[in-house]
Amino acid sequence: MELLRNICTAYSKWKPLEDYINRIETYRNNDGALVLENSKALIESICRTILEDLGETIASGESIQNLVSTACNKMTCLPNTSDLIRSFVTVAQRLGEFRNNFSVIGHGASIYQIEERKNKITKATTDFMIATVGQLAVFLITVYQDEYPVTISKDVRYEDNVDFNKRFDDENELISIGDYGPYSPSEVLFNIDVDAYKTELSNKTTE
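Numbering (this note's numbering), first residue to last: 225 to 431.
What follows is the structure, given as structure tokens:
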């Protein structure tokens, strides 16, 4: 799940997802059931974050397939992709069903059931599940960060916040990347993580 980990590093708001990634990678070779639990929770967390950002109220017990479907449909930068969305929803639905059948956490299974369920999830199944969940997670985050914000962030323009930009630059060191730069810290932040830029802008405005 290296690509997903890199994306979580690039977009700081998603860094808490690394806890799920770490657990998935830790248990991938010896406990498919725990991989399954954390894979499902990972996708649910991404969808709930997107929907909360968009002002959607989501019930605590909402199914994973409904979360994926609602998140994809709310991102209006995804026109004419109904077949793709249906495919993702099917993956989410199967993930939920798989979790219900093999979970060892949800209802405190006996030690015999725990071993039986663990043995039923083969390494090939676990690897396939991780690859599928990883691709779905990368797709959701990448589309939301790189494409959808173009339609929702027009209210924040870098050039409209001259005073904030100057103050932020004065408080932070110039940024160099290899032989390139130096670059303005405020401009770098705006271009690589607009949500973080808006958070800093809001914090400075309310001070």
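We put the CB at the ideal spot given by N, CA and C, even for glycine.
Thinking residue i and residue j are a contact (beta carbons under 8 angstroms), I'd like their distance in whole angstroms, please.
i      : j      : result
Thr346 : Val259 : About 12 angstroms; that fails the 8 angstroms criterion.
Asn427 : Ser410 : Contact flag wrong, Cβ pair sits at about 13 angstroms.
Ser263 : Leu319 : 7 angstroms
Val315 : Leu278 : Wrong, their Cβ atoms sit about 22 angstroms apart, outside the cutoff.
Below 8 angstroms between beta carbons: does that hold for residue i and residue j?
i      : j      : result
Ile354 : Arg247 : no
Ile267 : Val357 : yes
Tyr235 : Ile365 : yes
Ile288 : Arg272 : no
Asp393 : Ser408 : yes
Ser284 : Leu241 : no
With which residues is residue i paired in a DSSP beta bridge?
i      : result
Ile399 : Tyr407
Compute the Euclidean distance between the alpha carbons of residue i and residue j, then round it to the nearest angstrom.
i      : j      : result
Asn415 : Pro406 : 15 angstroms
Arg381 : Asp419 : 12 angstroms
Tyr221 : Met225 : Here the chain covers residues 225 to 431 and nothing more, so residue 221 does not appear.
Asn254 : Asn297 : 36 angstroms
Leu413 : Gly402 : 18 angstroms
Leu275 : Trp238 : 14 angstroms
Asn230 : Ile245 : 11 angstroms
Glu397 : Asn290 : 45 angstroms
Tyr368 : Met299 : 7 angstroms
Cys232 : Asp417 : 11 angstroms
Glu261 : Glu280 : 25 angstroms
Glu424 : Ser293 : 32 angstroms
Glu286 : Asp387 : 44 angstroms
Ser334 : Glu395 : 57 angstroms
DSSP state of residue i, grouped into three classes?
i      : result
Ala234 : helix
Asp417 : coil
Ala348 : helix
Asp384 : helix
Lys378 : At Lys378, the pLDDT of 46 sits below 50, so the modelled position is not reliable and the matter cannot be decided from this model.
Ile282 : coil
Met225 : coil
Ser193 : This structure leaves residue 193 out entirely; the chain is present only between 225 and 431.
Asp243 : helix
Ser287 : coil
Asp255 : coil
Met353 : helix
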